[in-house]
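Q:
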Amino acid sequence: MLLIKCPWCGERDMVEFTHGGDATKVYPKDPNATTSEEWHDFIYLRENPCGEHVEYWHHVAGCRQWLKVRRDTTTHDILTTAPADGDLDT
Ligand SMILES: [Zn+2]
546 MLLIKCPWCG
556 ERDMVEFTHG
566 GDATKVYPKD
576 PNATTSEEWH
586 DFIYLRENPC
596 GEHVEYWHHV
606 AGCRQWLKVR
616 RDTTTHDILT
626 TAPADGDLDT
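Sequential numbering from 546 applies to the sequence shown in my numbering.
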């Protein structure tokens, strides 16, 4: 069983969560000045890192809050978690 530590609920089975994608992508600062190519890259292009990666997860079967998870993609270890608008410990 893989456990994810929700900042509000504590450790829970990962089946309670859904993956929300790459948390390192930054929303365009001026959407009206963003070109179609930049929108394409923002929406569709993702890295496929080997090692530590920061992702959004949604505690959909729990408190329904969004969180950030730093996860090792090679071992699936959950390294740290934080609220989606918070900072992860290093
Ligand atoms: Zn929760």
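For each residue, glycine too, the CB sits at the ideal point set by N, CA and C. Computed from a predicted structure; not experimentally measured.
Return the CA-CA distance between A629 and W611, expressed in angstroms with no decimal places.
A: As a first step, residue 629 is located in the sequence shown; it is residue number 84 there, counting from the start. As a first step, residue 611 is located in the sequence shown; it is residue number 66 there, counting from the start. Rounded to whole angstroms, A629 to W611 spans 5 Å at the Cα level.
Q: Quick one: using the 10 Å Cβ neighbour count with 16 as the cut-off for buried, is T626 buried or exposed?
A: Counted from its first residue, the sequence shown places residue 626 at position 81. Under this definition T626 is a buried residue.
Q: Tell me the DSSP bridge mates of G566?
A: Position 21 of the sequence shown, counting from 1, holds the residue named residue 566. Paired residues: Y601.
Q: Looking at A568 and V599, is the spacing between their C-beta atoms short of 8 Å?
A: Along the sequence shown, read from residue 1 onward, the residue named residue 599 stands at position 54. Along the sequence shown, read from residue 1 onward, the residue named residue 568 stands at position 23. In contact: V599 and A568 (Cβ atoms closer than 8 Å).
Q: Any heavy atom of ligand 1 within a distance shorter than 7 Å of the CB on C608?
A: Here residue 608 corresponds to residue number 63 of the sequence shown, with the count starting at 1. Answer for C608: yes, Cβ within range of ligand 1.
Q: Would you kindly work out how many angstroms separate the C-alpha atoms of M559 and C595, rounded to a whole number?
A: Stepping through the sequence shown from its first residue, residue 559 is reached at position 14. Stepping through the sequence shown from its first residue, residue 595 is reached at position 50. Going from the Cα of M559 to the Cα of C595 covers about 20 Å.
Q: Applying the 10 Å Cβ sphere with the 16-neighbour rule, what's the burial state of N602?
A: Taking the sequence shown and counting its residues from 1, the one referred to as residue 602 is at position 57. For the sequence presented, residue 602 should be read as Trp rather than Asn. Buried: at least 16 other Cβ atoms inside 10 Å.
Q: Verify the contact flag: C551, CB atom, against every heavy atom of ligand 1, threshold strictly below 7 Å.
A: Residue 551 sits at position 6 when you count from the first residue of the sequence shown. Within the cutoff, so yes.
Q: Since G693 contacts R557 with CB under 8 Å, what's their CB separation in whole angstroms?
A: Given a span of 546 to 635 for the chain in the structure shown, any question on residue 693 remains unanswerable.
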